[in-house]
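So the sequence shown is numbered by numbering that gives the first Met the number 0: it starts at 0 and just counts up by one.
Each residue gets a CB set at the ideal place from its N, CA and C atoms; glycine is no exception.
Predicted, not measured: the structure shown is a model, and the values here were computed from it.
Here the structure comes first, spelled out in structure tokens, and everything after it is commentary.
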Amino acid sequence: MGGLLIVAGLAAAALALLKLELPRAFDKIVPQGLYRDVPPVAGLHPELRAASERLAAQAKAAGISVVFTDGFRSEAEQDEIYAQGRDSEGSIVTHAKGGESYHNYGLALDFALKDRSGDIIWDMEYDGNKNGRADWLEVAGMAKKLGFTWGGDWEGFKDNPHLQMDFGYSIRELQLGNRPAGSLLADGTVSGDSEAAID
């Protein structure tokens, strides 16, 4: 019995040392949600918001009007979109249920274009600035240079309006309670980096 207690004590000490020395690795092994409450995210990550503003300004300078049609979504809103084309009418627009999308963590947004008449369009071939290149692809290229991942580059299901910044976090890590530093949380706080000490 005493040997078992010693082994348990050594394991606990090893985990504590891992948490201090390699907190991100610790959080992959022991989800934050197991040892503390993690509030849900409540809005777009500030770095993503700032990058989207830079993207809109760059596009405007190139004669392209970009409109952001969707950003942060609650899990309930995500489930409604997931139901589209499955339980409700319309085409399937996502394969992500609530909690499975970067939108649910404030790390993604969707865009469209505004044509010369002011209509919002999702036309990937539209060339409103008349430079011989599709405006949609120009915007996607600008976004990638700003650090976004574009859903149009994905294998399989393409999500052409989708832009995201995952900050190196997988959906699984986010589901387990890890958050990029600066995430706006529902309790009114801002997350610290998961590599920082947890209280």
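Buried or exposed: which applies to G187, given that a residue is buried once 16 or more other Cβ atoms fall within 10 Å of its Cβ? exposed
H94 to L4 span [Cα, whole Å]: 47 Å
Roughly how many whole angstroms lie between the Cα atoms of Q163 and G89? 24 Å
From which residue to which residue does the alpha helix (DSSP H) around V138 run? D134 to K144
Rounded distance between the beta-carbons of G42 and G105, thought under 8 Å: 6 Å
Considering only the beta carbon of each residue, do R72 and S100 sit closer than 9 Å? yes
Proximity of D114 and G127 at Cβ, strictly below 9 Å: yes
How should D118 be labelled, buried or exposed, when 16 other C-beta atoms within 10 angstroms of its C-beta is the threshold for buried? exposed
Do I170 and L112 have their CB atoms nearer than 9 Å? no
Enumerate in chain order the residues of its own chain whose CB-to-CB distance from A55 is below 7 Å, with the five nearest sequence positions on each side excluded. V65
Would you report the Cα separation of G146 and G2, rounded to the nearest angstrom? 52 Å
Ignoring anything shorter than 4 residues, give me the alpha helix (DSSP H) runs that lie fully in the region 62-148, in order along the chain. 74-82 and 134-144
If you run the structure through DSSP and keep just helix, strand and coil, what is L162? strand
Using three-state DSSP, classify L183 as helix, strand or coil. strand
Report the rounded CA-to-CA distance for A49 versus Y168, giving the unit in angstroms. 19 Å
Nearest-angstrom Cα separation, counted from G70 out to K59: 20 Å
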